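Trainee: All residue numbers for the sequence shown refer to the working numbering, where the first residue is 39 and numbers rise by one. The structure is given below, and queries will be raised subsequently.
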Amino acid sequence: MRMLYVGPMKRGSTTEQRYKALLELGYNIDIVNTANDEQLFREKLLKNRLKRYCFRHAPTFVANYLDGPVDLSTINTSILECIKKNRYHLVWLDKALTVNNKTLLDIKKTSTKIIGYSPDDMYSRHNQSANFLKHIKNYDHFLTTKSYGVDELKSLGCVDTRFVGNAYDKNTHFPREKNQENSDRFGGDIGFIGDYEFERFRSLKYISKTLNERKVRIWGPNWEKAKGIHNLDNITCEFNRLIGSDYSTAISNFKINLCFLRKINRDLQTTRTIEIPACGGFMLAERTEEHRDLFIEGKEAEFFSSDEELVDKIKFYLDNDSARLSVAKSGFNKCIRAGYDNKSRLKKILVELGLYDT
39 MRMLYVGPMK RGSTTEQRYK ALLELGYNID IVNTANDEQL FREKLLKNRL
89 KRYCFRHAPT FVANYLDGPV DLSTINTSIL ECIKKNRYHL VWLDKALTVN
139 NKTLLDIKKT STKIIGYSPD DMYSRHNQSA NFLKHIKNYD HFLTTKSYGV
189 DELKSLGCVD TRFVGNAYDK NTHFPREKNQ ENSDRFGGDI GFIGDYEFER
239 FRSLKYISKT LNERKVRIWG PNWEKAKGIH NLDNITCEFN RLIGSDYSTA
289 ISNFKINLCF LRKINRDLQT TRTIEIPACG GFMLAERTEE HRDLFIEGKE
339 AEFFSSDEEL VDKIKFYLDN DSARLSVAKS GFNKCIRAGY DNKSRLKKIL
389 VELGLYDT
């Protein structure tokens, strides 16, 4: 089958990982890349200038047309050029916020199936765009990693919205060598990899003050927003995003990997939920029913519902190496056995949709 894949193909991104999994499944794929850093900068600059001007003179125009990404990178033109030149079985739109409704209507004239995919909470306004809200009704299928998002996206007009679980990339997320060099460079006793959020910092401060003899290491952007983080002697914040082998090596070389859920996205699971065990890491995650459905508590992963429980479990597992290593090994085996990888997840849903030749 021939596919047109539209998405932000940044190195190390989950978008790129899904694309590679689809290639492994045998699809013949053309790409329209929506991630051009220079163009994105220009989009943001122009959008902010337009907003400042129009908000004073036409606030309704701002709300309806400028509340979302502006397509200066000619994505729509590129898509239509591909459609004119080639015959596709399906077009895959990966959180296509700049793709307009006319483009989807033109695609549908060719009888090509349109699949939308997003790992984000697309019912929440901060993840949407005016284009998305207008064109969502024209998807043949939409795949969301948010279980609660199925009915919500249906209410926005996408009749066939389906839940697909988060996944890991077999070529990226696997156990890396554990040694002192990797531990010094990336790992440590307690680690968190991810963006700043107030609730996350609150829990990390509690760990810092309660377990002041233990070192906590944070990798991720936006932690300059965490007021007072430099005053916590046992927290090291790297302020950098980890991708690829560095990301997997860090997980493999932390004794305990914390998995906080993103409150602004109402997460019940996240990509790290799967990636941490897939890298052979011990995961201590927020307790949700979806987490407990994915991994057996106390055997394949550990969970917490309060800062007090979080600290108690950190203490126990740092003092009990054999128990910690056993949980990590079982979690890794579960990822393999259950088929939590991208290729397996995508194959299953595409077979259900009748869009994969087995």
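Cβ atoms here follow ideal geometry from the backbone N, Cα and C, with glycine treated the same way. This one's a predicted model, so the numbers in the text were calculated from it and none came from an experiment.
Spatial neighbours of His173 within its chain, please: C-beta separation below 7 Å, excluding the five flanking residues on both sides.
Mentor: So the qualifying residues of the chain are Val137, Asn138, Asn139, Leu142.
Trainee: Which residues bound the alpha helix (DSSP H) around Asn66?
Mentor: Careful: Asn66 lies outside any alpha helix (DSSP H), inside the beta strand (DSSP E) at 66-71.
Trainee: Using 7 Å as the threshold, is the C-beta distance between Phe333 and Gly282 below it?
Mentor: Cβ distance not < 7 Å, so Phe333 and Gly282 don't count as in contact.
Trainee: Helix, strand or coil for Arg80? Go by DSSP, reduced to three states.
Mentor: Summary for Arg80: the model assigns pLDDT 48, below 50, so the residue's position carries little reliability, and this model does not support an answer.
Trainee: Name the two residues that bound the continuous alpha helix (DSSP H) containing Tyr57.
Mentor: Residues 52-62.
Trainee: Out of Val254, Glu215, Thr210, Lys263, state which residue places its alpha-carbon closest to the alpha-carbon of Ile273.
Mentor: Selected option, being the one with the closest Cα: Val254.
Trainee: How many angstroms separate the CA atom of Phe201 from the CA atom of Lys192?
Mentor: If you take the alpha carbons of Phe201 and Lys192, they lie about 12 Å apart.
Trainee: Across the stretch 352-365 and the stretch 316-323, are there enough close Cβ pairs to call them in contact, namely three or more that are closer than 8 Å?
Mentor: In short, these stretches touch, since the Cβ pair count reaches three.
Trainee: With distances taken from CA atoms, which of Lys146, Ser344, Thr210 is nearest Gly50?
Mentor: Cα-wise, what sits closest to Gly50 is Thr210.
Trainee: Name the DSSP bridge partner or partners of Leu181?
Mentor: Leu181 pairs with Tyr155, Arg200.
Trainee: I need the boundaries of the beta strand (DSSP E) containing Cys120, first residue and last residue.
Mentor: Here Cys120 belongs to no beta strand (DSSP E); instead the alpha helix (DSSP H) covers 113-123.
Trainee: Would you report the Cα separation of Ala134 and Leu296, rounded to the nearest angstrom?
Mentor: Each residue's alpha carbon lies about 31 Å from the other.
Trainee: Does the stretch 176-193 come close enough to the stretch 207-226 that 3 or more CB-CB pairs lie under 8 Å?
Mentor: No: the two stretches stay apart, fewer than three of their Cβ pairs being nearer than 8 Å.
Trainee: What are the start and end residues of each continuous beta strand (DSSP E) run of 3 or more residues lying completely inside the stretch 300-341, in chain order?
Mentor: Qualifying beta strand (DSSP E) stretches, in chain order: 321-324.
Trainee: By how many angstroms is the C-alpha of Leu393 removed from the C-alpha of Gln55?
Mentor: Cα to Cα, Gln55 sits roughly 19 Å from Leu393.
Trainee: Nearest CA to the CA of Leu131: which residue from Tyr206, Ala205, Met41?
Mentor: With distances taken between Cα atoms, Leu131 lies closest to Met41.
Trainee: Take the Cβ of Lys337 as the centre, count every other Cβ of all protein chains shown within 10 Å, and call the residue buried at 16 or more, exposed below.
Mentor: By the 10 Å Cβ count, Lys337 comes out exposed.
Trainee: Measuring alpha carbon to alpha carbon, tell me which of Glu340, Val129, Tyr206 ends up nearest Asp379.
Mentor: That would be Tyr206, whose Cα lies nearest to the Cα of Asp379.
Trainee: Classify Ile281 as helix, strand or coil using the three-state DSSP reduction.
Mentor: Ile281: coil per DSSP, three-state reduction.
Trainee: Since His179 contacts Met39 with CB under 8 Å, what's their CB separation in whole angstroms?
Mentor: In fact, because the Cβ distance is near 15 Å, the residues do not count as touching under 8 Å.
Trainee: Taking C-alpha atoms, which residue in Leu280, Ser382, Ile152 lies nearest to Pro259?
Mentor: Out of Leu280, Ser382, Ile152, Leu280 has the C-alpha closest to the C-alpha of Pro259.
Trainee: Just mark Asp305 as buried or exposed, buried being the case when its beta carbon has 16 or more other beta carbons within 10 Å.
Mentor: Buried, since its Cβ has 16 or more Cβ neighbours within 10 Å.
Trainee: In terms of alpha-carbon separation, which member of Gly154, Lys247, Arg310 lies closest to Val197?
Mentor: For Val197, the nearest C-alpha among the options comes from Gly154.
Trainee: Taking C-alpha atoms, which residue in Leu194, Pro157, Leu181 lies nearest to Leu171?
Mentor: Here the closest residue by C-alpha is Leu194.
Trainee: Under DSSP, the alpha helix (DSSP H) around Lys381 begins and ends at which residues?
Mentor: Counting along the chain, the alpha helix (DSSP H) containing Lys381 begins and ends at 380-390.
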